[in-house]
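Respectively, the protein sequence lines represent chains A and B. Going by the numbering used here, the first residue of the first sequence is number 227, and it counts up by one from there. Going by the numbering used here, the first residue of the second sequence is number 141, and it counts up by one from there. Here a beta-carbon is modelled for each residue, glycine too, at the ideal position from N, C-alpha and C. Remember, predicted model here, so these are calculated numbers, not experimental data. Notes follow once the structure below has been shown.
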Amino acid sequence: MGLFSSCSCGRHDSQADHDNEERVVEEAVLRAVVRRDLLSRIGRSAALAAVSAFFPLGAAKEAFAQGGGKLEKHKLKVGFIPITCATPIIMAHPMGFYAKHGLDVEVVKTAGWAVIRDKTLNKEYDAAHMLSPMPLAITLGAGATAAPYTMPAVENINGQAITLAIKHKDKRDPKTWKGFKFAVPFDYSMHNYLLRYYVAEHGLDPDRDIQIRAVPPPEMVANLRADNIDGFLAPDPVNQRAVYDGVGFIHTLSKEIWDGHPCCAFAASKEFVTTMPNTYRALLKSILDATAYARKSENRKEIAAAIAPANYLNQPVTVVEQVLTGTFADGLGNVRKVPDRIDFDPFPWHSFAVWILTQMKRWGQIKGDVDYQKVAREVFLATDATRLMAEVGLTPPKSTYKSFSVMGRAFDPMKPKEYVDSFAIKRA
Amino acid sequence: MRSRLLAGTLSLLLLGILVGAWHLATLPKGAVAAADSEYAKLVGAQAAVGSKSAFPSPADLGQKLLEHVRDPFYDRGPNDKGIGVQLAYSILRVLLGFSLAALVAIPVGFLIGMSPLVYRALDPFIQVLKPISPLAWMPLALFTLKDSNVSAVFVIFVCSIWPMLINTAFGVASVRREWLNVARTLEVSPVRKAFMVILPAAAPTIMTGMRISVGIAWLVIVAAEMLVGGTGIGYFVWNEWNNLSIANILSGILAIGLVGMALDFFFSRLQKAVTYAE
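Here it is as structure tokens:
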């Protein structure tokens, strides 16, 4: 970009070059959003006009023009926990998405959330798979030393479930769960908040009427089998594995509690993001690219086969396949078909962060006043996601806030305090 | 000779009974009416007939063991390495932590054993630190050392230092007075006295300490690796637990036992080599 450049944006040598690049971006976007047969039927310019109505084409062209500079580091280590939430992070390795963006990434299986947190904090990992509340908690210093953390992308939405031991197959009403022992993956997890929310909506106090303990996902089935716990709200493939082994049944999918909830996230320290911007961008782009691929249901079988081996999830392929395709055995003899049992949508909605913060506040994990919007903005890096999502053919939303409802109760991200106050069962 | 043969036969017989009982206990039960075939395809064989997945039979374990023995050193990426590679990682960590501990424990043990003053000064620390489970150090180590490998080695270091320290001190302190007096009358220099008189005299006790230490270190490394993961036989067991593959876990357990036995055998040989008859 020079002083004397002669196109309308100032980055190209000539207006022709400028137009050319714009056209490439438009084409890419069109191809990603509009089905081919439709394109040929309605014509390119009509389709483009239609797409521009809901897709920030301008922003996409802008982002493309900035491009990527030289990578500061191309050998990276990314930690993951062996669950299907990590699908984009894991599959990007065997399916070559990291390599495509010039990175040599080693994906390292890690034993638990506390370990993944510590290994990321002490820089053994450049970035890691985390639960989406974790970067918020780390930034606030709840349950960790406060370190500025960022969450550039959500990995998956939905994809969790409440699984109960087979012996409870007649206790489908949560009101009968008094005295149950439940496992969740971590204190700072969507699982914990969703389970608390679910039982609280049914009139049980999650701290007094039931017991909730943190158990790393891989150990949950073994514990359920040993009757140490009555059930869990866990990520997959744990739920499906419990069914596969005949120890549990799927009581409810998490999408039936809150359809479209975020779960796991791709997280990195603020330091990594600021000192290695190009590497960070390439890494994020690989993951977004993988996410875009994972969104398409026709690719799910292939992905299941790629991530099931011992090097990654270490699970029977059929278990992973049932999770990803949504055609699954429920443990009670029925085959259910829920294609969006798990889905992949990388956009880190600020409203998600605000909701998570309200639950942290509700259950007393954070004390004092919280500037919900400010923390959300600092940790959930929506701007980068917006820019890079467009480049890989996804459709980023225009706003970073949306309202949604959880079990029929509406949530307004602009009124977090009122939301917390509206609950009858709370610790705050 | 005869009694040895008899003992061997008895051992084999016990093994036979154990495996036989195991085999009988894991025989497949008569199949109950299976669920519909579409459902059955999606779940494990046992779940399809309405029961929990079963414990592996001796034959299953044998097959797994054969797989591991056939290809113990494969490397299919950072999270999938052969059992031999994992064992090598664990042994390396144990030897590293153990050697570091020996480097510290034996000189300090000497000091404590030779000087009652130092003994009394250090005793409270030793008494407090000794009973702490080495794994309790793990979170602290991860936090301060900022490296999981170094932390694992540190944990081994911490757990193997105490038996060596205490045994060395004890061995040194209980060297017979007469020998020290003889050295004194011959005006032997302190260094020479330490190496020529005290060390050989205390060596059997020191070796006992080392043997105990290496045993503990081998016990602890498995737990430590299960905690931090990455590599090692402990991680292998953890990873197979995650996969609920009991046959693989059993293979791991067997391997842990064999290596532990080998380490102990090695140190018992050393111990024998330095033992003397009075």
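What are the boundary residues of the alpha helix (DSSP H) that residue i is part of?
| i | result |
| --- | --- |
| Y259(B) | 256 to 269 |
| G299(B) | Correcting the residue type first, residue 299(B) is Cys in the shown sequence and not Gly. Start and end: 288 to 313. |
| S408(B) | 386 to 414 |
| P444(A) | 443 to 451 |
| E332(A) | First-last for E332(A): 330 to 335, but that is the beta strand (DSSP E), not the alpha helix (DSSP H). |
| K527(A) | 526 to 533 |
| L421(A) | 416 to 427 |
| F630(A) | First-last for F630(A): 630 to 632, but that is the beta strand (DSSP E), not the alpha helix (DSSP H). |
| L280(B) | 278 to 285 |
Indicate the three-state DSSP secondary structure (helix, strand or coil) for residue i in the structure shown.
| i | result |
| --- | --- |
| R588(A) | helix |
| L366(A) | helix |
| S495(A) | strand |
| H300(A) | coil |
| M321(A) | coil |
| D471(A) | coil |
| H163(B) | helix |
| P461(A) | strand |
| R567(A) | coil |
| I215(B) | According to the sequence displayed, residue 215(B) carries Asp and not Ile. In this structure, D215(B) counts as strand in the three-state DSSP scheme. |
| H355(A) | strand |
| P196(B) | coil |
| S523(A) | helix |
| Q203(B) | helix |
| V580(A) | helix |
| G305(A) | strand |
| K349(A) | coil |
| V328(B) | coil |
| I342(A) | helix |
State the start and end residues of the unbroken beta strand (DSSP E) segment that holds residue i.
| i | result |
| --- | --- |
| R398(A) | Looking at the DSSP string, R398(A) is not in any beta strand (DSSP E), and its letter there is neither H nor E. |
| P222(A) | Given a span of 227 to 654 for chain A in the structure shown, any question on residue 222(A) remains unanswerable. |
| F554(A) | 553 to 555 |
| V670(A) | Given a span of 227 to 654 for chain A in the structure shown, any question on residue 670(A) remains unanswerable. |
| I476(A) | 474 to 479 |
| R439(A) | 437 to 440 |
| L390(A) | 386 to 391 |
| F408(A) | 407 to 410 |
| R635(A) | 635 to 637 |
What's the gap between the Cα of residue i and the Cα of residue j?
| i | j | result |
| --- | --- | --- |
| V414(B) | V312(B) | 15 angstroms |
| R233(B) | T325(B) | 46 angstroms |
| V425(A) | Y375(B) | 35 angstroms |
| N537(A) | E547(A) | 17 angstroms |
| L275(B) | A363(B) | 8 angstroms |
| R332(B) | W319(B) | 13 angstroms |
| I651(A) | D431(A) | 6 angstroms |
| G355(B) | S391(B) | 20 angstroms |
| P367(B) | G634(A) | In the sequence on display, residue 367(B) carries Leu and not Pro. Roughly 40 angstroms separates the two Cα atoms. |
| F290(A) | Y519(A) | Residue placement at F290(A) cannot be trusted, given a pLDDT of 43 that sits under 50; what the coordinates show is reported in the next sentence. Whole-angstrom Cα-Cα distance: 20 angstroms. |
| K296(A) | P574(A) | 26 angstroms |
| M401(B) | T336(A) | 29 angstroms |
| V698(A) | N540(A) | This structure cannot settle anything about residue 698(A), because the visible part of chain A is limited to 227 through 654. |
For residue i, count neighbouring C-beta atoms within 10 Å of its own C-beta (all shown protein chains included) and say buried if the count is 16 or more, exposed if not.
| i | result |
| --- | --- |
| K181(B) | exposed |
| N379(B) | buried |
| F578(A) | buried |
| N321(B) | exposed |
| F405(B) | exposed |
| A327(A) | In the sequence on display, residue 327(A) carries His and not Ala. Result: buried. |
| D344(A) | buried |
| M377(A) | buried |
| F306(A) | buried |
| S288(B) | buried |
| N560(A) | exposed |
| Y416(B) | exposed |
| K481(A) | buried |
| T626(A) | buried |
| K395(A) | exposed |
| Y414(A) | buried |
| L154(B) | exposed |
| Y179(B) | buried |
| S300(B) | buried |
At least one CB of chain C closer than 7 angstroms to the CB of residue i: is that the case?
| i | result |
| --- | --- |
| N388(B) | This model lacks chain C altogether; the protein chains it does include are A and B. |
If you measure from the CB of residue i, is any heavy atom of the ligand ATP nearer than 6 angstroms?
| i | result |
| --- | --- |
| P542(A) | With respect to small molecules bound, the structure shown includes none, and the ligand ATP cannot be examined in it. |
| query | What alpha helix (DSSP H) runs, 4 residues minimum, are completely inside the region 351 to 377 of chain B? | reply | none
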